[in-house]
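Student: Throughout the sequence shown, residue numbering follows the working numbering, covering 651 to 939 in sequence.
Just so you know, even glycine gets a beta-carbon here, dropped at the ideal spot from N, CA and C.
These numbers come from a predicted model, not from an experiment.
Here it is: the structure, laid out below.
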Amino acid sequence: MADELVRVITTDGAVMAAAVSGREMVAQAQRIHGTSSVATAALGRTLLAASMMGNQMKGADNSVSIQIRGGGPIGQITCVAGADGYVRGCVSNPLVCLPPKEDGKLDVGVDGSLTVIKDLGMKEPYVGSVPLVSGEIAEDVTAYYAASEQTPTACALGVLVDSRDQQVYAAGGFLVQMLPGADDAAIDKVERGIAKLGYVTRHFEEGETPLELVREALSEFDIEVLETIPVGYRCTCSRERFGRALVSLGRDELESMAAEQGGAEIKCRFCNETYRFSKEELEEMIAGL
Numbered sequence: 651m652a653d654e655l656v657r658v659i660t661t662d663g664a665v666m667a668a669a670v671s672g673r674e675m676v677a678q679a680q681r682i683h684g685t686s687s688v689a690t691a692a693l694g695r696t697l698l699a700a701s702m703m704g705n706q707m708k709g710a711d712n713s714v715s716i717q718i719r720g721g722g723p724i725g726q727i728t729c730v731a732g733a734d735g736y737v738r739g740c741v742s743n744p745l746v747c748l749p750p751k752e753d754g755k756l757d758v759g760v761d762g763s764l765t766v767i768k769d770l771g772m773k774e775p776y777v778g779s780v781p782l783v784s785g786e787i788a789e790d791v792t793a794y795y796a797a798s799e800q801t802p803t804a805c806a807l808g809v810l811v812d813s814r815d816q817q818v819y820a821a822g823g824f825l826v827q828m829l830p831g832a833d834d835a836a837i838d839k840v841e842r843g844i845a846k847l848g849y850v851t852r853h854f855e856e857g858e859t860p861l862e863l864v865r866e867a868l869s870e871f872d873i874e875v876l877e878t879i880p881v882g883y884r885c886t887c888s889r890e891r892f893g894r895a896l897v898s899l900g901r902d903e904l905e906s907m908a909a910e911q912g913g914a915e916i917k918c919r920f921c922n923e924t925y926r927f928s929k930e931e932l933e934e935m936i937a938g939l
């Protein structure tokens, strides 16, 4: 099943929900970064959350960044998604190996924070940050919405990786949010629906689509499908973009690179593509300043 994202609203206007399937998205991140099974699960869950949150943006050029700085050995996770739901990400320690918690959930550490940066095309981005409440990424995303956006939210994220062959067998999640005016009865319906689901990876492993998962979560509602779109892992880096980044360093730094290194080499942290700039190219940049 190809990766896709679905967004729906209940016909009574009480609930908005999204669900995403992302097995290939997570597998692509694993191939790029060479992640261990634990790092694949942590990065994958953050990619899934970013994809759904990015799709909430209204402008085509808007984007969302999620940064998780945990106190555990996995270090920092960074993911960026656009309004089209396509996403890219990286993790500080891709080779980390550690056992899950007693309940089987992933623990990235609780001595840290989850920060969401929304680029809305304005002079300054919106930045919201909350302390990690559990180290389980879906729970921390839920806490972010409650504290920073005052939006009652239920989030579930799952990545199923075989620790023996490192293969990603399933990946997906959902984001269910109460809209203004939702009453206690609507909240009770959502809670009952979600309680019946169990682990989301089981649904995707069995071949369910994101829409089928949402219909189960919101089984007591009539829903309207707003959109169904393909998503995946995609880096937006380019030689031109890194060239502009070099120019932004200023004359002194460029002159130092040209004289001491005879050029510059930059590696994209999201796709590992390396871009090389010769001494002559740096001198052209200097001349243009």
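(1) Ignoring anything shorter than 3 residues or poking outside the region 678-749, list the beta strand (DSSP E) runs there in chain order.
(2) Just verifying my parser: in three-state terms, what is the DSSP assignment at Phe892?
(3) Which one or two residues does DSSP pair with Pro880 in a beta bridge?
(4) CB Asn743 to CB Ile724, shorter than 8 Å?
(5) Once you ignore the five residues that flank Ser779 on each side, which residues in its own chain have a CB closer than 6 Å to its CB?
(6) Taking Ile936 as the reference, give the member of Gly912, Arg865, Ala908, Glu915 with the closest Cα.
(7) Per DSSP, Ser906 forms a beta bridge with which residues?
(8) Going by CA-CA distance only, name the one from Asp734, Ala835, Ile682, Glu890 that's closest to Tyr925.
(9) Return the chain-ordered list of same chain residues with a C-beta closer than 6 Å to the C-beta of Gln973, the five sequence neighbours on each side being excluded.
(10) Might you give, ordered along the chain, the residues of its own chain that have their beta carbon closer than 6 Å to the beta carbon of Gln717, omitting 5 neighbours on each side?
(11) On a CA-only basis, which of Ala867, Leu896, Thr685 is nearest Val746? Give me that one, please.
(12) Measuring CB atoms only, is the region 814-831 touching the region 863-881, in the sense that at least three cross pairs come out at less than 8 Å?
(13) Counting only runs of 3+ residues fully inside the region 782-836, write out the beta strand (DSSP E) ranges in chain order.
(14) Could you tell me which residues DSSP pairs with Ile916 in its beta bridges?
(15) Can you look up Ala664 in the DSSP assignment and give me helix, strand or coil?
(16) Taking only the alpha-carbon atoms, compute the straight-line gap between Asp815 and Val809 and give it to the nearest angstrom.
(17) Using three-state DSSP, classify Glu858 as helix, strand or coil.
(18) Taking 8 Å as the threshold (C-beta atoms), are Ala679 and Tyr883 in contact?
(19) For the 8 Å Cβ check, are there 3 or more pairs between the region 656-675 and the region 690-702?
(20) Count the other CB atoms within 10 Å of the CB of Val850; is the residue buried (16 or more) or exposed (fewer)?
(21) If Gly709 sits next to Gly785, beta carbons under 8 Å apart, how far is it from one beta carbon to the other, in whole angstroms?
(22) With DSSP as the reference, label Asp872 as helix, strand or coil.
(23) Could you check the C-alpha separation between His683 and Thr661 for me, to the nearest Å?
(24) In chain order, what residues of the same chain have a beta carbon less than 7 Å from the beta carbon of Ala793, not counting five sequence neighbours either side?
(25) Arg768 lies in the beta strand (DSSP E); which residues open and close that run?
(26) Return the residue from the list Pro860, Phe854, Ser888 that minimises the CA-CA distance to Val875.
(27) So what does DSSP say about Gly843, is it helix, strand or coil?
(28) Can a CB atom of chain D be found closer than 8 Å to the CB of Leu770?
(29) Quick check: is any heavy atom of the ligand ATP less than 7 Å from the C-beta of Gly831?
(30) Please report the straight-line C-alpha distance between Glu674 and Ala821, rounded to a whole angstrom.
Tutor: On the basis of the coordinates in this document:
(1) Runs of the beta strand (DSSP E) lying entirely within the region 678-749 and spanning at least 3 residues, in chain order: 713-719, 726-732, 737-741.
(2) Numbered from 1 along the sequence shown, position 242 holds the residue referred to as residue 892. Three-state result, Phe892: helix.
(3) On the sequence shown, position 230 is the one that residue 880 refers to. Answer is Glu654.
(4) Here residue 743 is taken as the residue at index 93 of the sequence shown, counted from 1. Here residue 724 is taken as the residue at index 74 of the sequence shown, counted from 1. In terms of Cβ geometry, Asn743 and Ile724 form a close pair [threshold 8 Å].
(5) The sequence position of residue 779 within the sequence shown is 129, counting from 1. Hits under 6 Å: Ser763, Thr765.
(6) Along the sequence shown, read from residue 1 onward, the residue named residue 936 stands at position 286. Nearest C-alpha to Ile936: Ala908.
(7) In the sequence shown, the residue the question calls residue 906 occupies position 256. Per DSSP, none; premise fails for Ser906.
(8) In the sequence shown, residue 925 corresponds to position 275, counting from 1. Ranking the options by Cα distance to Tyr925, first place goes to Glu890.
(9) The chain is shown only over 651 to 939; residue 973 falls outside these bounds and no answer can be derived.
(10) The sequence position of residue 717 within the sequence shown is 67, counting from 1. Excluding positions up to five away in sequence, the list reads Thr728, Thr765.
(11) On the sequence shown, residue 746 is found 96 positions in, with the first residue counted as 1. Checking every option, the nearest Cα to that of Val746 belongs to Thr685.
(12) yes
(13) 803-811, 818-828
(14) On the sequence shown, position 266 is the one that residue 916 refers to. Partner(s): Tyr925.
(15) The residue given as residue 664 occupies position 14 in the sequence shown. In this structure, Ala664 counts as coil in the three-state DSSP scheme.
(16) On the sequence shown, residue 815 is found 165 positions in, with the first residue counted as 1. On the sequence shown, residue 809 is found 159 positions in, with the first residue counted as 1. Their backbone Cα atoms lie some 15 Å apart in a straight line.
(17) Within the sequence shown, the letter at position 208 stands for residue 858. Of the three classes helix, strand and coil, the one that applies to Glu858 here is coil, per DSSP.
(18) The residue you call residue 883 lines up with position 233 of the sequence shown. The residue you call residue 679 lines up with position 29 of the sequence shown. Yes.
(19) Yes: at least three Cβ pairs fall under 8 Å.
(20) Your numbering for residue 850 matches position 200 in the sequence shown. Buried, because 16 or more other Cβ atoms sit within 10 Å of the Cβ of Val850.
(21) Numbered from 1 along the sequence shown, position 59 holds the residue referred to as residue 709. Numbered from 1 along the sequence shown, position 135 holds the residue referred to as residue 785. Actually they are not in contact, since the Cβ atoms of Gly709 and Gly785 sit about 33 Å apart, beyond 8 Å.
(22) Start at 1 with the first residue of the sequence shown, and residue 872 comes out as number 222. Asp872: coil per DSSP, three-state reduction.
(23) By one-based count along the sequence shown, residue 683 stands at place 33. By one-based count along the sequence shown, residue 661 stands at place 11. Taking the straight line from one Cα to the other gives about 42 Å.
(24) Walking along the sequence shown from the start, residue 793 turns up at place 143. Excluding residues within five positions, the ones whose Cβ falls inside 7 Å are Val780, Val783.
(25) Stepping through the sequence shown from its first residue, residue 768 is reached at position 118. Contrary to the premise, residue 768 reads as Lys rather than Arg in this sequence. 763-769 is the span of the beta strand (DSSP E), which, as asked, contains Lys768.
(26) The residue labelled residue 875 in the question sits at position 225 within the sequence shown. Nearest option by C-alpha distance: Pro860.
(27) Along the sequence shown, read from residue 1 onward, the residue named residue 843 stands at position 193. Note: Gly843 maps to helix in three-state DSSP.
(28) Absent from the structure is chain D; it holds one protein chain and no more.
(29) Only the bare structure without any ligand can be found here, which leaves the ligand ATP out of the picture.
(30) On the sequence shown, residue 674 is found 24 positions in, with the first residue counted as 1. On the sequence shown, residue 821 is found 171 positions in, with the first residue counted as 1. Approximately 8 Å, taken between the alpha carbons.
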